[in-house]
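Numbering (the UniProt record's numbering), first residue to last: 1 to 160.
Glycine included, every Cβ here is placed at the ideal spot set by N, Cα and C.
Predicted model only: the values in this text are computed from it and were never measured.
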């Protein structure tokens, strides 16, 4: 899906002026880098309302403000293994307002916090990674009989 390009706040009046001066809608759209339907809708709006002010967008108002959004992220980071419903109950108890688990998940995704299983191992630094690569290259051409003679241990002491 392609992203839409919006006209900047000062440009609608320039577009209307160019239409009134006789320039075609298609040429204006090309110069602004938008689809011709954008300029056409802008012109229709100007003809009916005599203004080109962007209409307010619809939708439900946000339940949280930026401060509460930060608090949701902090609670999730402090309790890394808590699921979103648990984070929701913790946040609701502390701020005294009901917030849905979907809202909490959306705010966590905005902060790039996702439901993932924590990594078990510690990532290797450069030196051990190089040692492993060297060992693999040295043993890369071994046959099945060569591997049959190898003994792998965890360096524990044991007696036979």
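| Check | Outcome |
| --- | --- |
| Limits of the alpha helix (DSSP H) - the one that residue 167 falls within | A question about residue 167 goes unanswered here, because the residues of the chain that appear run from 1 up to 160. |
| Span of the alpha helix (DSSP H) around residue 67 | 66-78 |
| Which of helix, strand or coil DSSP assigns to residue 82 | coil |
| Inter-stretch contact at 8 angstroms, needing at least 3 Cβ pairs: the stretch 97-117 / the stretch 65-76 | yes |
| Pairwise C-alpha distance: residue 41 and residue 6 | 13 angstroms |
| For residue 27, three-class secondary structure by DSSP | helix |
| Length of the line joining the Cα atoms of residue 12 and residue 43 | 9 angstroms |
| Element boundaries [alpha helix (DSSP H), containing residue 105] | 101-110 |
| Per-residue DSSP class, three states only, for residue 93 | helix |
| beta-carbon residue 20 near the ligand NAP non-hydrogen atom, thresh 6 angstroms | Because no ligand of any kind appears in the structure shown, any question about the ligand NAP cannot be addressed here. |
| Residues of its chain near residue 148, where Cβ-Cβ distance is below 7 angstroms and the 5 sequence neighbours each way are ignored | none |
| Meets three-Cβ-pair contact criterion under 8 angstroms: the stretch 47-61 and the stretch 87-99 | no |
| Start and end residues, alpha helix (DSSP H) containing residue 12 | 11-20 |
| For residue 142, three-class secondary structure by DSSP | coil |
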